[in-house]
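> Just so you know, the protein sequences line up as chains H and V, in that order.
Going by the working numbering, the first sequence opens with residue 1, and the numbers climb by one from there.
Going by the working numbering, the second sequence opens with residue 1, and the numbers climb by one from there.
Have a look at this one before I ask anything.
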Amino acid sequence: MLLWLIPGFALPTLSGWLLLSLLEGRTPVLYRNERFVLGFLFGLTLTMFLSFLTHIIGLIGFTFAGFAAVQLALVLSLGGLFLWKRDRSPLPSVARSAKEGPLPDWARVAAWVLGSWVTLKLLAGAIILTATPIYQDDVFSNWNMRGKLFFETERLTLTMPLGNDAFTNEGVSSYPPTVPMVKTWLATLAGTWSDSLVNAPHLLWYLTLLALVFFALRRHTTKSDALLGTYLLASLPLPLIHGITPYADVFLAAHLFAAVSLLFTAFTREEPRERQTFFRLGAVASALLIFTKNETLLLHLPILLLILGGGIVWLRRNGKLSNTDVIATLLWYGGTTALVALPWIAFKIAHDLPFGNAKAITGLSIAWQPDVAWAIWYNTFFEGNWNLFPPLLIGLLALRFRRAFAPPFLVLTAFLLLVYAAQLPLYFLTGLSIEATNQTGYARGLVHLMPIAVLLVTLLLRDTLTQCLAMQPSSDTNLRSASPN
Amino acid sequence: MFLLHALFVGLAILLPTTVAAKETTIWSFEGEVIPGRWEVVRLTSTVRSPEGLRIETAREGHLTRPSELAHGIDAVSVTFRDVSRPTEAIFLWHIQGTQEGHLVQLPFLIEPQRDPQTIHLNVGYYSQWDEGADRIGLAFSSGAHVTLQRVELSRWNIPEKILEAWKSFWMFDEFRPYTINFVWGPLLATNPIARQYLFAKLPPQGMSVNWVFYAVLTLTGGALVLLWFLRGQGAVLRKRYVAVFLSVFASLWLTYDLRMGLEFLGYFANDYRTYISQQPGSQRAFRERGTFYDFVDAALPHVTDRERYIFMTTHRWPFLGAIRYLTYPALPTDQTKVLEGIDTWVIFDRPDIALNEKQQLVMDGVILSPPGRKVLDFAPDSFLFRSD
């Protein structure tokens with residue numbers, strides 16, 4: 001049954017690969033494997049978004065023919081464009097890392113031991129994910145349920161059966177339908193609903209996230225640092241559990257990481273064409289982010305765009321960005337974001353779907369919520385969710401304060417702190433406090449941010465070691481030259 | 001030389017406490033002698049017997065005595081027998097220096113059971129606990145019929161506590177509904193009773209090991225900063241200090257990862273042993289949901305040709321949502337819809353529902369359905385019924 005994943009993801013991945021190649025144009029910035037991995041992530045989401053659009057205007061149903069038609073059309077369009085471009089300019093090659101010698105023996109041994117350990121856990125997790133029944137509430141109440149609903153009705157059904165003859169249009173129907181649609185597509189392909197099959201993509205999204213963190217780090221630092229950062233993320237218990245559970249938080253985290261890390265990289269590039277390429281990639285990542293979960297539209301995207309705006313002003317003042325570049329960047333972000341956000345927002349308004357994380361944020365009464373501070377304190381620092389990551393992050397932010405709060409690291413630091421801070425009033429002052437006190441939502445918000453935090457921590461750690469131990473500096477000359485101290 | 005010195009110092013510190021191992025005081029009510037001076041308040045009847053103190057009371061009451069112990073108390077074990085009904089009881093203690101008669105209460109439940117049953121109370125976990133409590137007792141709710149056999153008050157020494165803490169560090173939680181939101185992580189319990197019930201009761205009664213790890217990091221960092229000021233600030237020393245701190249941090253991280261990774265593999269091992277490796281349809285138990293999923297698998301062929309079916313079980317969550325998903329597009333509804341012509345009843349884990357001689361479903365003497373037949377007899381309390 002799991003073999004259906006191969007044909008299921010072939011065309012979307014090819015679409016994503018073609019899209020990335022076109023976005024890179026004559027300035028390839030992605031690694032060969034990174035383009036494949038990112039192509040898988042973006043291609044699937046883009047395919048589902050286009051399927052959503054063509055469905056709501058009545059062109060297709062959620063059938064095999066409907067999904068396949070969209071995927072074929074997308075591949076043919078992007079492929080045609082790619083071939084046309086290729087005839088006019090050389091094939092896009094791939095970015096290459098700075099040359100570095102082989103890993104020292106101790107690092108090779110450590111990489112093998114820790115890599116085997118992580119692989120063992122992933123294998124166990126893969127079996128749990130695909131060979132045990134659905135278990136968690138949001139699986140049978142939201143993600144899988146909606147996928148099955150679409151599969152059975154062959155349409156984007158918003159009316160959810162609750163059981164006992166009760167139905168609702170509110171709640172989880174307000175979430176973007178991407179993850180359920182992926183499940184629907186796989187089921188239509190296989191011809192039947194199989195929990196093993198429709199759950200499997202979640203592990204692939206987790207692996208995608210690990211790979212993206214590796215590639216993002218590899219761009220800025222050594223291979224051993226990139227492996228270290230990837231291990232740090234893989235050793236965080238709660239994200240791992242999300243990696244083997246059919247929830248959408250890792251799916252969101254992968255898109256969020258792509259959007260933020262590509263934006264961050266854009267600010268580290270000295271070469272204008274490279275910078276603009278990263279801006280284009282970041283713009284598409286930010287746009288697709290909207291179609292993952294509700295909180296992206298209200299929380300992540302506004303802060304991302306705020307940082308983008310601040311960064312553009314900073315680059316312009318430093319003479320690194322021409323007026324043309326500024327306009328191009330704003331058009332890319334504005335255009336791609338609008339292309340996804342406007343239809344989705346219009347659809348939500350048309351169907352009276354709430355904004356907010358399944359619960360409407362309008363109408364929340366304001367009152368101080370006791371016990372939240374303790375719940376957050378304990379969850380962050382004294383449970384097993386994050387290993388020793390929170391003190392590591394805070395310690396490095398304090399130790400390398402001037403680096404962490406200056407460009408380009410400021411992109412990561414500001415994003416993390418602003419997103420974190422923006423959630424706190426909801427917990428401290430509204431009825432959403434139960435998400436913190438009952439521990440049902442707070443940590444999931446951190447799961448979204450953890451990959452970005454790992455990127456920041458690994459780079460700051462390298463920076464600290466370089467400073468304190470006078471070790472070999474980062475392989476990324478752009479990162480060094482763009483930093484003031 | 002340094003190691004030898006450290007070994008001697010360590011032995012000198014640990015030896016006296018090792019000699020004085022676990023201390024236990026037992027107040028046994030079996031036999032002729034009542035242990036100590038007990039003050040009985042409002043209990044209807046307390047009768048001495050060879051099996052213990054027989055307590056029967058029509059109203060809430062308690063019995064207490066001065067503790068008069070030569071040692072502190074970490075845990076209390078109370079043994080009862082001949083318990084005829086579920087009984088609410090309370091462990092009581094008086095904090096030294098507080099108002100006379102003001103007793104702190106720790107409630108617990110005694111299950112109905114003829115044979116002896118021991119209830120362990122990890123009193124040391126509670127911040128209100130006073131190791132030197134000068135009065136101790138037990139309270140019983142009205143209607144209690146129990147025989148109190150013995151009260152055991154125990155204290156463990158430092159090495160024993162350290163050993164228990166080490167063992168509890170390697171105790172793992174199971175995969176539960178809350179695991180998607182948080183994991184407790186490694187916890188420290190300092191006596192066998194606390195360790196035994198570490199993840200059995202929620203929230204777990206243990207101290208987060210993060211406290212210890214943070215203390216180690218703080219002490220290491222503090223010592224290195226001190227050395228930095230005392231022994232100079234050269235580049236070589238700086239490298240050494242940073243290397244030491246990072247090594248300590250890395251060791252703690254790897255230990256933590258090993259601990260949590262083993263817990264994760266434990267989830268898999270448990271699922272594999274109890275579910276994956278078992279034959280489908282063999283009534284496999286899956287986590288705390290028991291045979292629910294095998295039951296639904298067996299029921300599926302009988303409900304997929306129906307738009308709706310009546311579903312009855314013990315708890316609405318998670319079973320209603322889960323079966324709705326698993327059988328969709330067939331949807332579960334409640335028994336009030338029987339009048340709408342629904343003929344299929346899915347009964348899970350309901351020993352109180354059975355068929356009477358007229359082949360009708362009956363619950364507590366109330367007829368639920370028209371006559372029919374069982375189309376799936378999964379277990380005595382779990383079956384599928386179809387009315388004629």
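Quick reminder that beta carbons are idealized off the backbone N, C-alpha and C, glycines included.
Here the structure is a predicted model, which is why all the values come from computation and not from measurement.
1. Would you mind telling me which residues of chain H sit closer than 9 Å to F229 of chain V, beta carbon to beta carbon, in chain order?
2. Under 6 Å Cβ to Cβ from L11 of chain H, same chain only, skipping five residues before and after it: list those, please.
3. Mind listing the chain V neighbours of L238 of chain H? Cutoff is C-beta to C-beta under 8 Å, in chain order.
4. Since L125 of chain H is in the beta strand (DSSP E), which residue starts that stretch and which ends it?
5. Please report the residue range of the alpha helix (DSSP H) in which G372 of chain V lies.
6. Nearest by alpha-carbon distance to F311 of chain V: which of V:L355, V:V296, V:T333 is it?
7. Among residues of its own chain, excluding the 5 on either side of L315 of chain H, which ones have a beta-carbon nearer than 6 Å to its beta-carbon?
8. Please name the residue, chosen from H:L120, H:L83, H:L238, H:L129, that lies closest to H202 of chain H on a Cα-to-Cα basis.
9. Considering only the beta carbon of each residue, do T413 of chain H and L456 of chain H sit closer than 9 Å?
10. For a contact meaning CB atoms closer than 9 Å, what does L388 of chain H contact in chain V?
11. Measure from the alpha carbon of W193 of chain H to the alpha carbon of each residue in H:K148, H:Y175, H:E170, H:D225, then state which is nearest.
12. Can you find a CB in chain V that lies within less than 9 Å of the CB of W314 of chain H?
13. Count the other CB atoms, across all protein chains shown, that sit within 10 Å of the CB of S116 of chain H; report buried if there are 16 or more and exposed otherwise.
14. Count the other CB atoms within 10 Å of the CB of L123 of chain H; is the residue buried (16 or more) or exposed (fewer)?
15. Excluding the 5 residues preceding and the 5 following A285 of chain H in the sequence, name in chain order all residues of the same chain whose CB lies nearer than 6 Å to its CB.
16. With DSSP as the reference, label G191 of chain H as helix, strand or coil.
17. Could you tell me whether the Cβ of Y175 of chain H comes closer than 9 Å to any Cβ of chain V?
18. To the nearest angstrom, how far is the alpha carbon of N356 of chain V from that of R114 of chain V?
19. Give the range of the beta strand (DSSP E) segment to which W93 of chain V is assigned.
20. Okay, do the segment 80 to 90 of chain H and the segment 56 to 63 of chain H touch, 3+ Cβ pairs below 8 Å being the bar?
21. Given this structure, state the Cα-to-Cα distance separating L416 of chain H from L449 of chain H, to the nearest angstrom.
22. From H:L23, H:F140, H:D105, H:G39, pick the residue whose C-alpha is nearest to that of R324 of chain V; which is it?
23. What residues of chain V sit near W106 of chain H, judged by a beta carbon separation below 9 Å?
24. How would you write the range of the alpha helix (DSSP H) that L41 of chain H sits in, first residue to last?
25. Counting Cβ pairs closer than 8 Å, one from the segment 63 to 79 of chain V and one from the segment 170 to 184 of chain V, do we hit at least three?
26. Let me know if R108 of chain H comes out buried or exposed under the rule of 16 or more other beta-carbons within 10 Å of its beta-carbon.
27. Who are the neighbours of T333 of chain V on chain H, taking C-beta pairs under 8 Å?
28. Under 9 Å between the Cβ atoms of L256 of chain H and I452 of chain H?
29. Touching or not, the segment 342 to 358 of chain V and the segment 380 to 388 of chain V, by the rule of three or more beta carbon pairs under 8 Å?
30. Taking Cβ-Cβ distances shorter than 9 Å, what residues in chain V pair up with I127 of chain H?
31. Quick one: complete alpha helix (DSSP H) runs, 4+ long, within the segment 347 to 391 of chain H?
32. Residues of chain V with a CB under 7 Å from the CB of T184 of chain H: which are they?
33. Could you have a look at Q149 of chain V and say whether DSSP puts it in helix, strand or coil?
34. So that I know if they touch, is there some Cβ in chain C lying closer than 9 Å to that of S365 of chain H?
35. For R155 of chain H, which residues in the same chain have their Cβ closer than 8 Å to its Cβ, ignoring the five residues on either side in sequence?
36. Within 9 Å (strictly less), CB to CB, does G372 of chain V reach chain H?
Reading from the atomic positions:
1. Taking the second sequence and counting its residues from 1, the one referred to as residue 229 of chain V is at position 229. The premise fails here: F229 of chain V is roughly 17 Å from chain H at the closest Cβ pair, so nothing lies under 9 Å.
2. Reading the first sequence from its first residue, position 11 is the one you call residue 11 of chain H. So the qualifying residues of the chain are Q71, V75.
3. Reading the first sequence from its first residue, position 238 is the one you call residue 238 of chain H. Here the neighbours are F182, V183.
4. As a first step, residue 125 of chain H must be located in the first sequence, where it is residue number 125. Checking the displayed sequence, the identity of residue 125 of chain H turns out to be Gly instead of Leu. Following the DSSP letters along the chain, one finds G125 of chain H in no beta strand (DSSP E) but inside the alpha helix (DSSP H) bounded by residues 105 to 131.
5. For the purposes of this step, residue 372 of chain V is taken as the residue at position 372 of the second sequence. No alpha helix (DSSP H) holds G372 of chain V; the beta strand (DSSP E) holding it covers 372 to 379.
6. The residue given as residue 311 of chain V occupies position 311 in the second sequence. In this structure, V:T333 is the residue among V:L355, V:V296, V:T333 with its C-alpha nearest to the C-alpha of F311 of chain V.
7. Within the first sequence, the letter at position 315 stands for residue 315 of chain H. Answer for L315 of chain H: L321, listed in chain order.
8. One-based indexing of the first sequence puts residue 202 of chain H at position 202. Among H:L120, H:L83, H:L238, H:L129, the Cα nearest to that of H202 of chain H is on H:L129.
9. Locating residue 413 of chain H in the first sequence gives position 413, counting from the first residue. Locating residue 456 of chain H in the first sequence gives position 456, counting from the first residue. Closer than 9 Å, so yes.
10. What you label residue 388 of chain H is simply residue 388 of the first sequence in a count that begins at 1. Ordered by position in chain V, the residues that pass the 9 Å Cβ test against L388 of chain H are N210, F213, Y214, L217, F249, L252, W253, Y256.
11. On the first sequence, residue 193 of chain H is found 193 positions in, with the first residue counted as 1. Among H:K148, H:Y175, H:E170, H:D225, the Cα nearest to that of W193 of chain H belongs to H:K148.
12. Along the first sequence, one-based indexing puts residue 314 of chain H at 314. No, W314 of chain H does not count as interfacial toward chain V.
13. Translated into the one-based positions of the first sequence, residue 116 of chain H becomes position 116. That one is exposed.
14. On the first sequence, residue 123 of chain H is found 123 positions in, with the first residue counted as 1. By the Cβ neighbour-count rule, L123 of chain H is exposed, with fewer than 16 other Cβ atoms within 10 Å of its own.
15. Against the first sequence, residue 285 of chain H aligns to sequence position 285. A258, A259, L262.
16. For the purposes of this step, residue 191 of chain H is taken as the residue at position 191 of the first sequence. For G191 of chain H, the secondary structure class from DSSP, reduced to helix, strand or coil, is coil.
17. Taking the first residue of the first sequence as position 1, residue 175 of chain H is located at position 175. Chain V contact via Cβ: absent.
18. As a working note, residue 356 of chain V is residue 356 in the second sequence. As a working note, residue 114 of chain V is residue 114 in the second sequence. N356 of chain V and R114 of chain V have their C-alpha atoms spaced approximately 32 Å apart.
19. Walking along the second sequence from the start, residue 93 of chain V turns up at place 93. Counting along the chain, the unbroken beta strand (DSSP E) around W93 of chain V starts and ends at 87 to 94.
20. With the cut-off at 8 Å, the segment 80 to 90 of chain H and the segment 56 to 63 of chain H do not touch.
21. Taking the first residue of the first sequence as position 1, residue 416 of chain H is located at position 416. Taking the first residue of the first sequence as position 1, residue 449 of chain H is located at position 449. Inter-residue distance for L416 of chain H and L449 of chain H is about 7 Å (C-alpha atoms, whole angstroms).
22. To locate residue 324 of chain V, count along the second sequence from 1; it is residue 324. Nearest C-alpha to R324 of chain V: H:F140.
23. To locate residue 106 of chain H, count along the first sequence from 1; it is residue 106. Residues of chain V passing the Cβ test: none, with the nearest at roughly 12 Å.
24. Here residue 41 of chain H refers to the residue found at position 41 when the first sequence is read from its first residue. Membership of L41 of chain H in the alpha helix (DSSP H) is indicated by the continuous run 32 to 56.
25. The segment 63 to 79 of chain V makes no contact with the segment 170 to 184 of chain V, as fewer than three CB pairs between them are under 8 Å.
26. Taking the first sequence and counting its residues from 1, one reaches residue 108 of chain H at position 108. With fewer than 16 other Cβ atoms within 10 Å, it is exposed.
27. In the second sequence, the residue the question calls residue 333 of chain V occupies position 333. Under the 8 Å cutoff, chain H gives G163, N164, D165.
28. What you label residue 256 of chain H is simply residue 256 of the first sequence in a count that begins at 1. What you label residue 452 of chain H is simply residue 452 of the first sequence in a count that begins at 1. It is a contact, given that the beta carbons lie within the stated cut-off.
29. Contact between the segment 342 to 358 of chain V and the segment 380 to 388 of chain V is present, because at least three Cβ pairs lie under 8 Å.
30. Position 127 of the first sequence, counted from the first residue, corresponds to residue 127 of chain H. Those within 9 Å of I127 of chain H in chain V are F268, D271, Y272, I276.
31. Those alpha helix (DSSP H) runs which fall completely within the segment 347 to 391 of chain H and span 4+ residues are 372 to 381.
32. If you number the first sequence from 1, residue 184 of chain H lands on position 184. Simply none; closest approach about 13 Å.
33. Translated into the one-based positions of the second sequence, residue 149 of chain V becomes position 149. Here Q149 of chain V carries a strand assignment [DSSP, helix/strand/coil].
34. Note that chain C does not occur in the displayed structure, where the protein chains are H and V.
35. Working through the first sequence from its first residue, we reach residue 155 of chain H at position 155. The answer, listed in chain order, is H55, G61, F62.
36. Counting from 1 along the second sequence, the entry for residue 372 of chain V is found at position 372. So, not an interface residue.
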